[in-house]
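Undergrad: Numbering (this note's numbering), first residue to last: 1248 to 1350. We put the CB at the ideal spot given by N, CA and C, even for glycine.
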């Protein structure tokens, strides 16, 4: 659910507690019929190499200025840093997997 009452229509093949997990590009639908798009997710922490989409999470911004505010109670957890360094692309709408350097 978003801060403004929108409901995420998740399309990823990943699920948590039998609920599909959202990803960048997914649509959020509002009671008034309007929609918004998930514009950022967890970036390099978890993304699909085939589609370039990263998983959405609480705090993910939407195209209309709204944000995702809740998810499954036992949902996935991500840290926004690793070994003291920020995760590339974490909640960054400008991030792209093209920016990832393979190790």
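Whole angstroms is fine: what's the gap from residue 1306's alpha carbon to residue 1343's?
TA: Roughly 18 Å between the two C-alpha positions.
Undergrad: If we ignore side chains and look at the alpha-carbon of each, how far apart do residue 1251 and residue 1262 end up?
TA: 24 Å
Undergrad: How about residue 1268 and residue 1259: do their beta carbons lie closer than 8 Å?
TA: yes
Undergrad: Based on DSSP bridge pairs, tell me the residues matched to residue 1262.
TA: 1267
Undergrad: Quick check on residue 1292: does DSSP put it in helix, strand or coil?
TA: helix
Undergrad: Alpha carbon to alpha carbon, how far is residue 1336 from residue 1291?
TA: Those two C-alpha atoms are separated by around 6 Å.
Undergrad: Straight-line CA distance for residue 1341 to residue 1308?
TA: Our two residues, residue 1341 and residue 1308, have alpha carbons roughly 12 Å apart in a direct line.
Undergrad: Going by beta carbon distance, what residues of the same chain come within less than 8 Å of residue 1313, once the five residues before and after it are set aside?
TA: 1249, 1250, 1251, 1253, 1275 and 1283
Undergrad: Please confirm whether residue 1302 and residue 1315 have their CB atoms less than 8 Å apart.
TA: Not in contact: residue 1302 and residue 1315 (Cβ atoms no closer than 8 Å).
Undergrad: Hey, quick one: how far does the beta strand (DSSP E) through residue 1255 stretch, first residue to last?
TA: 1254 to 1256
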